[in-house]
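Enquirer: All residue numbers for the sequence shown refer to my numbering, where the first residue is 8 and numbers rise by one.
Note that CB positions come from ideal geometry on N, CA and C, so glycine has one too.
These numbers were taken from a predicted model, which means no experiment stands behind them.
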Amino acid sequence: MAWKLPPLPTFKEGEQGSLDDDEEEKLEKLEKQWDDYQTMKNHKTVKGVWDPLCRKFEEEEPIVKVDVRKQMYVLKCEDKLEVESHIEKLMSLKEWLSSTNDKLDDSKYITIIPGSLLNSYHSIGQSLSAAAWKNGKPLTAQMVIDAVLHEYHCQDNEKKQELALAAKGYCGNSCHKNGGGLSSNSGGKGGNNSKSSGLECWKCGKIGHVKAECHLKKKKKRVKTRIQK
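#1: Spell out a yes or no on whether the region 96-116 and the region 125-137 are touching, meaning 3 or more CB-CB pairs, one atom from each, closer than 8 angstroms.
#2: Cα separation between K213 and N142?
#3: First and last residue of the alpha helix (DSSP H) that includes E91?
#4: From the DSSP secondary-structure annotation, give me the bridge partner or partners of I119.
#5: Are there 16 or more other CB atoms within 10 angstroms of the CB of P121, so buried, or fewer, so exposed?
#6: Nearest-angstrom Cα distance between S123 and E165?
#7: Give a yes or no on contact between the region 142-153 and the region 66-81, applying the rule of three or more CB pairs nearer than 8 angstroms.
#8: Just to check, is the beta-carbon of Y159 closer than 7 angstroms to a non-hydrogen atom of the ligand SAM?
#9: Quick check on the burial criterion: 16 or more other C-beta atoms within 10 angstroms. Buried or exposed for C84?
#10: Go to L146, then tell me how far its alpha helix (DSSP H) extends in each direction, as first and last residue.
#11: Hey, L104 and K110 are a contact pair by Cβ (cut 8 angstroms); roughly how many whole angstroms apart?
#12: With distances taken Cα to Cα, identify the nearest neighbour of L125 among E91, M98 and K101.
#13: Which residue wins for smallest C-alpha separation from Y159, given the options W140, H222 and D86?
#14: State the Cα-Cα distance for the pair L170 and M98, rounded to the nearest angstrom.
#15: Where A7 and L172 are concerned, what is the direct C-alpha to C-alpha distance, given to the nearest angstrom?
#16: Quick one, which of P69, T52, E220 and H157 has its alpha-carbon nearest N108's?
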């Protein structure tokens, strides 16, 4: 099936009107595509069509390379939940440069990765550089990527655990027992409130009161008083 570009727009006499900047830019681009199409259309062989295409992209390739490198330097990850996708974008841009025989040195790539992340990741590059220097081994971009992703997963797992404990009302301190509320010796506002249904007695194990108000403790105290009398 023959491929074709749409014909250039035509105007009747006296109806040209005025074009805004966007329309003029689109028209110029369409005219250029039309000229390229007409040039390639005159060739009867695949090689005759392919060679002009190669020359066209070779002329534009340096500009594209500069643009890709610029994207890598200005790309920033401002959301801590998008670290993985951000790393994937950087890797994709680097692979594209490599495919055009414009390999980005690891020394430059290593500075781009931590610098494009949140402040909590900035120390990773420094720590890895010190460790590599101490061990006498060169620091590679893959080492930095692995360390960044490891830190990301650690922070993500820690956040999930905090949310899970918060949902259970457990802060992780000794003031709670089995996910219950504050005990009598916790010093909190609810420490002496026996009406709170979330409190668990450390004496009898029942819910609804604290150890200081436990009936077993009071009963034992009354028995001791009678013996002393």
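Expert: According to the structure shown:
#1: no
#2: For the purposes of this step, residue 213 is taken as the residue at position 206 of the sequence shown. For the purposes of this step, residue 142 is taken as the residue at position 135 of the sequence shown. C-alpha separation (whole angstroms): 58 angstroms.
#3: Position 84 of the sequence shown, counted from the start, is the residue given in the question as residue 91. V90 to S106 is the span of the alpha helix (DSSP H), which, as asked, contains E91.
#4: Residue numbering aside, residue 119 sits at position 112 when the sequence shown is read from its first letter. According to DSSP, which records beta bridges pairwise, I119 is partnered with nothing at all.
#5: Indexing the sequence shown from 1 puts residue 121 at position 114. Buried, because 16 or more other Cβ atoms sit within 10 Å of the Cβ of P121.
#6: Start at 1 with the first residue of the sequence shown, and residue 123 comes out as number 116. Start at 1 with the first residue of the sequence shown, and residue 165 comes out as number 158. Their Cα atoms are separated by approximately 23 angstroms.
#7: no
#8: As presented, the structure is devoid of all ligands, the ligand SAM included, so that no description of it is given.
#9: Reading the sequence shown from its first residue, position 77 is the one you call residue 84. Counting Cβ neighbours within 10 Å, C84 comes out buried, since at least 16 surround it.
#10: Here residue 146 refers to the residue found at position 139 when the sequence shown is read from its first residue. Counting along the chain, L146 falls outside any alpha helix (DSSP H), and DSSP gives it neither H nor E.
#11: As a working mapping, residue 104 is identified with position 97 in the sequence shown. As a working mapping, residue 110 is identified with position 103 in the sequence shown. 7 angstroms between Cβ atoms; contact.
#12: The sequence position of residue 125 within the sequence shown is 118, counting from 1. Shortest Cα-Cα distance from L125 to any of E91, M98 and K101 involves E91.
#13: Mapped onto the sequence shown, residue 159 falls at position 152. Looking at the Cα atoms, D86 is the closest of the given residues.
#14: In the sequence shown, residue 170 corresponds to position 163, counting from 1. In the sequence shown, residue 98 corresponds to position 91, counting from 1. Approximately 32 angstroms, taken between the alpha carbons.
#15: Residue 7 falls outside the range modelled here, since the chain spans only 8 to 236, and no answer is possible.
#16: The count along the sequence shown starts at 1 and reaches residue 108 at position 101. When only C-alpha atoms are compared, the closest one is P69.
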